[in-house]
Amino acid sequence: MSCAGEEAVSVLTAMLAGQEDWIYPGVRDFALAPIRGLDLDDFARQILGSAADGERPYNGRPGALAAADLGIAYAPEPLGLHLPLAAGQAHAQKLAGNGRATIALFGEGLTTTAFFHETVALASACDLPLVLVCKSQLWPEGAPAEAGLLGDSVAERVKACGLWSRRVDGADVVAVHAALDQALRRARDARGPGLVEVVVTQLHAGSAESDIPAHRDPIERLRRHLDREGQWTPTFQDVIEAEVRGQLERAFTHAQAKEMGR
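The working numbering numbers the first residue of the sequence shown as 7 and each following residue consecutively.
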């Protein structure tokens, strides 16, 4: 599933999470795994649902990622089930008193489910070191993400439950960084759970370039910012993209070849 348009959430979550913090990703957050430190060969095998020599498939289905040694939890198939599981992890962290936090990522559609409301209630009642990261969709030239749902934003609704919250533009990398960093610092300092609502626009790879609004693309927004600061050149971007694509192609080619040879 494409995560284009949501890169700031996945990348910054992986970068800001501490070494002993836990992340409970959603189904479109696989980009955080290699940034968190997952070996690309292992990354490719898990995406393809294959296994290393002498092992069974780690998660049992393609596209599912997990790495306990890196604090990346498995995303279960029932949508939203990872939210109460994340609350349980945060409760264990609180009981251990280790100053760590748990982060759970999800889409705004899950805010209408019992899983979400039970998680919010538990986080508030037990004062858990839990950070909920909600990705709300904003369609180009469309209505706001909350229109037609419950009348106001997710960030506003959880305030009534006693949660600290912020709502930021998901295409603004600096704003997302600031909000996630503040939420995680609060959780680690035992100042309670929080929710960061990140307003994103999904950008599909098959779309024509003219159909993608530049101001809704976090990568393009960051590129323009770095360009204004004199810290970006076309050569810089070309070299980085070629290097990353080459590494990924090698990892996936190797994983596919080993799978076909079984």
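Think of the CB as a built atom: it goes at the ideal place given N, C-alpha and C, for glycine as much as any other residue.
The structure displayed is predicted, hence computed values, not measured ones.
Inter-stretch contact at 8 Å, needing at least 3 Cβ pairs: the stretch 70 to 82 / the stretch 161 to 168: no
Alpha helix (DSSP H) segment containing residue 2, residue limits: Within the shown structure, residues of the chain are numbered from 7 to 268, placing residue 2 beyond reach of any answer.
Length of the line joining the Cα atoms of residue 244 and residue 48: 26 Å
Three-state secondary structure assigned by DSSP to residue 63: In this prediction, residue 63 has a pLDDT of 49, which is less than 50 and means its spatial position is unreliable; nothing more can be read from the coordinates.
Rounded Cβ spacing between residue 29 and residue 109 (contact assumed at less than 8 Å): 5 Å
Where residue 113 falls: helix, strand or coil (DSSP): strand
Identity of the residues DSSP links to residue 173 by a beta bridge: 203
Per-residue burial, residue 36 [other beta carbons within 10 Å of its own, 16 or more giving buried]: buried
Neighbourhood of residue 50 by C-beta, 6 Å cutoff - its chain only, sequence neighbours within 5 removed: 257, 258 and 261
Residue 120 in three-state terms, based on DSSP: helix
Backbone CA spacing between residue 15 and residue 180 [nearest angstrom]: 11 Å
Residue 143: first and last residue of the uninterrupted beta strand (DSSP E) it sits in: 136 to 143
Selection from 160, 199 and 191 that minimises the alpha carbon distance to residue 131: 199
Residue interval of the beta strand (DSSP E) (run including residue 29): 28 to 30
C-alpha gap between residue 124 and residue 241, whole angstroms: 49 Å
Length of the line joining the Cα atoms of residue 249 and residue 255: 10 Å
Proximity winner among 221, 172, 138 and 182, relative to residue 5 (alpha-carbon distances): Beyond the ends of the chain as shown, which are 7 and 268, falls residue 5; an answer cannot be given.
Other residues of its chain near residue 238: CB distance less than 7 Å, five sequence neighbours each side excluded: 229 and 232
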